[in-house]
Amino acid sequence: MTDERIDMTQLNAATFSAFALTTIVLYVLGFFTFIPPWAVFITWACFFHMGGGADRNQAFVATITHMALGATAAWISAIALLNNPFDSALGQQLWGPVFIGAVIAILARMGTIARFSVTPAIIYGYASVFAFASTAGMFSPEHLLSVSFNNALFAILFSIVVGASAGYLNAALVGVLTGLKWTKASTQRGGI
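Here is the structure:
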């Protein structure tokens with residue numbers, strides 16, 4: 544039997560890594576129900592949007608800073624929406640859309656700053672806070688101002704760190720798998 548060398552392709556490594564890590568992350572998150580899995584996976588995808596396949600360290604920092612900015616801006620927006628300063632019906636109806644529109648415009652404009660140059664990543668964080676806060680009963684001062692995982696900001700910031708870490712591990716595992724040297728003989732004996 545010859546030991547002909549077989550390289551694991553990037554696609555095969557990414558496929559295996561995605562399967563294995565997704566399975567593990569979902570299993571572990573089952574024990575921590577205060578962490579919204581969807582926010583973890585949005586962040587994980589954002590990690591690769593931010594170049595995680597090419598530069599893990601840069602993507603890790605960029606993902607967290609962009610999404611945390613968006614999440615923080617959304618939390619401030621939520622507090623502002625709950626404190627509508629207008630009494631008129633028109634003021635009540637326009638306050639939310641105009642305020643959120645202005646915040647999104649500011650966040651988009653921040654794209655001119657190198658550290659925040661990927662506006663969609665900021666918006667992922669922004670939208671994640673409102674998705675969490677839209678859960679029944681969570682869009683209230685009681686929850687938004689609490690020091691708990693019922694506070695959308697705390698829950699999403701924690702999810703961002705978990706998701707960016709999962710992305711980092713995913714990219715590292717792909718790197719390890721594509722760097723390994725497999726032989727035809729080892730694959731026939733039950734290797735990859």
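Going by this note's numbering, the sequence shown opens with residue 544, and the numbers climb by one from there. By construction, the Cβ of each residue, glycine as well, lies at the ideal position given by its N, Cα and C atoms.
On the criterion of 16 or more Cβ atoms from any shown chain inside 10 Å, does residue i qualify as buried, or is it exposed?
i	result
P628	exposed
F574	exposed
L720	buried
A715	exposed
L687	buried
F659	buried
R599	buried
I585	buried
A557	buried
V583	buried
S560	buried
A632	exposed
R732	Interpretation of R732 is limited by its pLDDT of 45, a score under 50 that renders its predicted location unreliable; no figure is taken from the coordinates.
G595	buried
A645	exposed
V641	exposed
In the DSSP assignment, the alpha helix (DSSP H) including residue i goes from what residue to what residue?
i	result
I578	It is not in any alpha helix (DSSP H) - I578 carries neither H nor E in the DSSP assignment.
A648	A632 to R652
S677	No alpha helix (DSSP H) contains S677, which DSSP labels as neither H nor E.
T606	R599 to L625
P684	P684 to L687
With a threshold of 8 Å between beta-carbons, can residue i be considered close to chain D, or not?
i	result
A597	Absence of chain D from the displayed structure is noted, only one protein chain being present.
Since residue i and residue j should fall inside the 8 Å C-beta cutoff, what is the C-beta to C-beta distance between them, to a whole number of angstroms?
i	j	result
I703	A614	7 Å
G668	I699	7 Å
V705	I578	6 Å
A676	A621	6 Å
W581	G710	So it is not a contact: roughly 15 Å between Cβ atoms.
F603	F591	Rounded, the Cβ-Cβ distance is 11 Å, inconsistent with contact.
F682	S691	F682 to S691, Cβ: 15 Å. No contact.
I607	A707	5 Å
L564	L712	6 Å
L625	P684	6 Å
I601	V717	The amino acid at residue 601 is misidentified as Ile; the sequence shows Gln. Going by Cβ atoms, the distance from Q601 to V717 rounds to 16 Å, so no, they are not a contact pair.
L723	M551	6 Å
Relative to the ligand GDP, is the shortest distance from any of its heavy atoms to the C-beta of residue i smaller than 7 Å?
i	result
L687	As for the ligand GDP, it is missing from this structure, which has no ligand bound.
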